[in-house]
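In our numbering, the protein residues as written are 208 to 451.
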């Protein structure tokens, strides 16, 4: 498996509140987007990833020893622990109250992607040139789409598209989405923050950027550069995994 990552502060933000992590031995990854508009968003995303790193360093057995159900259970527990720790930290610090973060964490192998998801960061799988979004955004506009009030195309440019309905650390408890997705040789997994898909609103363009790149590293670079070209209004982070 090949891996590449790229992050950028963007053109308008003063600091990068995105965080990412990948453990090559465990094939464990995470990506978090500290919520802009809330103080200490960078602290929230950092705490979330520190919890995952702590588990990887002190408790993790080789990834092959974990079955899919065990992986999902571990990931869910880590997301819930992150929620509790961030919420407690915010309550104990007045200036950090209300901080939160999106979170995607998962194990990626040659046969399966097991993952948890909270917020509007996304997971995509690119297979035979076709791209599929496998996570569902926890956003106000996604609820509107599900109710039939707007179309998916309209949601991509809706003025309220960045209002999340869930984030890690905002409330005492959090509902964590957990799932598995089968993978095969030639598949490419993309994890990204909304700084990418808010700028490149056409998923087919994302797919084209990846498939026309000469290497996976170039694909990550081109995705971020295209997001910056289209405005770069937010931090942008991408992780790419090419399954051999």
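Even glycine gets a Cβ: it sits at the ideal position worked out from N, Cα and C.
- Item | Span separating the alpha-carbon of residue 363 from that of residue 257 | 31 angstroms
- Task: Please report the Cβ distance between residue 452 and residue 227, rounded to the nearest whole angstrom; I am assuming they are in contact, meaning their Cβ atoms lie under 8 angstroms.
- Result: An answer regarding residue 452 cannot be provided, because it is not within the stretch 208 to 451 covered by the chain.
- With C-beta atoms as the reference, is residue 173 less than 8 angstroms away from residue 394? Summary: the structure shown does not reach residue 173, with the chain confined to residues 208 through 451, and so no result is reported for it.
- Message: Between which two residues does the alpha helix (DSSP H) holding residue 294 run?
- Response: 275 to 299
- Query: Name the DSSP beta bridge partners of residue 324, please?
  - Reply: 311, 384
- Query: Which residue comes first and which comes last in the alpha helix (DSSP H) that contains residue 447?
  - Reply: Residue 447 -> not in any alpha helix (DSSP H); beta strand (DSSP E) instead, spanning 443 to 449.
- Query: alpha helix (DSSP H) containing residue 260: first to last residue?
  - Reply: 248 to 265
- Task: Could you tell me the distance, in whole angstroms, from the CA atom of residue 327 to the CA atom of residue 311?
- Result: 9 angstroms
- Report yes if the CB atom of residue 285 is closer than 8 angstroms to the CB atom of residue 322, and no otherwise. no
- Task: Using the Cα positions of residue 381 and residue 325, report the straight-line distance between them to the nearest angstrom.
- Result: 8 angstroms
- Check whether the stretch 363 to 376 touches the stretch 336 to 355, counting contact only when three or more Cβ pairs, one atom from each stretch, lie closer than 8 angstroms. yes
- Message: Which runs of the beta strand (DSSP E) at least 3 residues long sit entirely within the stretch 364 to 430? Give them in chain order.
- Response: 384 to 389, 395 to 399
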